[in-house]
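Working notes, structure below.
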Amino acid sequence: MIMQYIKHPSCIILAVSPANADLANSDALQLARLADPDGSRTIGVITKLDIMDRGTDARNFLLGNVIPLKFGYVGVVNRSQEDINFNRSVQDALAFEEKFFSTLPAYNGLAHCCGVPQLAKKLNMILLKHITNMLPGLKTRINAQLVAVAKEHAAYGDTVESAAGQGVQLLNILRKYCEAFSSMVEGKNRVSTDKLSGGARVHYIFQSIFVKSLEEIDPCKSITDDDVRTTIQNSGGPKGAMFLPEVPFEILVRKQIGRLLDPSLQCAQFIYDELIKISHGCLITELQKFPVLKKRMSEVVCSFLRDGLRPAETMITHIIEMEMDYINTSHPSFVGGTKVVELAKHEVLPPKTSTSLSGHKDGTIVGSEIQLTAERSQKSRAVFARDATRRATSEQASMEAGTSLTGGSQIRNSQVGGNSSSKLPSIIPLKEVNHTKRDLHNFLIRKLYRENLLNELMRETDEVLIRRQRIQEMLEILKQAHRTLEEFPIEADNIEKGYNLTEHATGLSKIHGVSGDSTNGIYTSSPNCYPPHQASHMVL
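Structural data, given as structure tokens:
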């Protein structure tokens, strides 16, 4: 039990040990050594010097030759139980003690460390120096505790019981909550150095998570050449397609644009989750006192943010549907249309023959039957040659058409992805972030500021009430300690003036300010009444 006191560095340890026992086995010194290993704040007191065995003395103990201490040792002879029973005065005991040390040769030259008066003087001087050393640090600690406790007391506030006071307190909490929310979103609160938070997280979701998810979408990953050729053939029906049709291109593009919807909606959900996280970090200390209000505010804020999430998701869906309904092939970065036709025509049509049919310059047909037959044969060969050329290049044209479709689909998908990555950072803040900063305060007032809810919402827990009372008591104690230290003289000279010691005729020191008459009245017995033998133990 004693360790909880002597373990503090500001405590001075008074280790009392009997002289008729081995000092190395003293329980007091062993405990003092545990709390003060270097012995810098321990004072040794040796008692029972008058009942030591004949031929022995405590000179080595008092000189510190056995166990050294910084403040040394003081030997004392206390009153015995017999002296107490016979009502012997303290003055008589001090006189006997003085005679005891002066008559024994072993204690010659040790007057500075023998006797109760020397112990009182030594303790007084050590205490004065200790106070001088500890007082500045004590003032600093008390001032720091006073500031911390006052700050906590201000956070708890005073108990409000009236309906008007509760209404004002609720409005202040709602206002501070919305201001804290806006500050966290805009990055005006305390900036964290180890992780992103608040509005920086929203920006990170847009620029890193969402944009990266769009870049990871490969529009041609799920489209094979066989799919393209099959789509082209199906769009031609029973007649086939002479030129590259638009229907398969639109089918493929719509399918790929539809893949942009999920990451866009996921981005809106991420922003919603981040706003929920921000709302939970606002006014934690103030709302901790009102658990019902904290729960209701959390429900209302989540409902409000969900109301902002739904319009954002609807607008995102509409934008994707608009891109799917109207495929802009006139975009400057789009490659298709007449360019693809010219490319296919250049590759499919055969080169012109150098052979020309003879005919009349004015366009009339002249000649015989032989000439007509030769002319028909020449036309037939030209037709068959053209069909062979078409068959030879049909597979190549189909492959080029497929390449044109997939290339156009990829270009169009990148266009829509670029539009989405640029529009969503405007849509989501409009429907979620800015909507929350602008309308949350009014929404909270409409839902929570009601007369029939004030008592329930502003009811504090028992722990808060007990804690507030303790904080108030601690605050008063620290204020009183601060006033006492402010009035206390910190200079050593002033301290010594307040605790100046004078001497009685018996050698016992007394505190300045106590009259000598009142003190002498206590010591009524004379030194001659002191018994000659002391067989019992001496106690102070």
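Taking our numbering, the leading residue of the sequence shown gets 10, the next gets one more, and so forth.
For every residue, glycine included, the Cβ atom is placed at its ideal position computed from N, Cα and C.
Taking all protein chains shown into account, decide if residue i is buried (16 or more other Cβ within 10 angstroms of its Cβ) or exposed.
i	result
residue 20	exposed
residue 485	exposed
residue 475	exposed
residue 524	For residue 524, the predicted structure reports a pLDDT of 37, less than 50, and the residue's modelled location is therefore unreliable. A value from the coordinates is still provided. Residue 524 should be labelled exposed.
residue 70	buried
residue 265	buried
residue 489	exposed
residue 62	exposed
residue 124	buried
residue 198	buried
residue 120	exposed
residue 625	With the chain represented from 10 up to 549, any question about residue 625 goes unanswered, as that position is not in the structure.
residue 370	In this prediction, residue 370 has a pLDDT of 43, which is less than 50 and means its spatial position is unreliable; nothing more can be read from the coordinates.
residue 315	exposed
residue 558	With the chain running from 10 to 549 in the structure shown, residue 558 is simply not present.
residue 550	This structure gives no information on residue 550, because the portion of the chain shown stretches from 10 to 549.
residue 163	exposed
residue 14	exposed
residue 335	exposed
residue 22	buried
residue 104	buried
residue 217	exposed
residue 171	exposed
Just to check my reading of the structure: residue i and residue j have Cβ atoms closer than 8 Å, yes? What is that Cβ distance to the nearest angstrom?
i	j	result
residue 85	residue 56	6 Å
residue 299	residue 467	6 Å
residue 183	residue 457	7 Å
residue 449	residue 279	At roughly 20 Å, the Cβ-Cβ gap does not stay under 8 Å, so residue 449 and residue 279 are not in contact.
residue 441	residue 321	6 Å
residue 273	residue 214	Rounded, the Cβ-Cβ distance is 12 Å, inconsistent with contact.
residue 44	residue 16	5 Å
residue 67	residue 28	4 Å
residue 54	residue 128	7 Å
Indicate whether residue i and residue j have their beta-carbon atoms separated by less than 8 Å.
i	j	result
residue 465	residue 301	yes
residue 52	residue 24	yes
residue 277	residue 325	yes
residue 75	residue 122	no
residue 291	residue 173	no
residue 161	residue 454	no
residue 147	residue 487	no
residue 40	residue 26	no
residue 306	residue 318	no
residue 288	residue 262	no
residue 151	residue 463	no
residue 492	residue 165	no
residue 267	residue 333	yes
residue 195	residue 208	yes
residue 118	residue 77	no
residue 211	residue 483	no
Can you tell me whether DSSP reads residue i as helix, strand or coil?
i	result
residue 76	coil
residue 55	strand
residue 447	helix
residue 22	strand
residue 291	coil
residue 196	coil
residue 420	Its pLDDT being 40, under 50, residue 420 is placed unreliably by the model, and the measurement read from it follows with that caveat. Helix at residue 420.
residue 82	strand
residue 88	strand
residue 46	coil
residue 405	Because the pLDDT of residue 405 is 47, which lies under 50, any placement of that residue in the model is unreliable, and the number read from its coordinates should be weighed accordingly. Three-state result, residue 405: helix.
residue 302	helix
residue 410	Legend: pLDDT at residue 410 = 46, less than 50; position of this residue unreliable, no value from coordinates given.
Can you find a C-beta in chain B that's less than 8 Å from the C-beta of residue i?
i	result
residue 84	The structure shown contains no chain B; it is built from a single protein chain.
> So does the region 278-285 actually touch the region 440-460, counting three or more Cβ pairs closer than 8 Å?
Replying inline: yes
> Counting Cβ pairs closer than 8 Å, one from the region 93-110 and one from the region 143-153, do we hit at least three?
Replying inline: no
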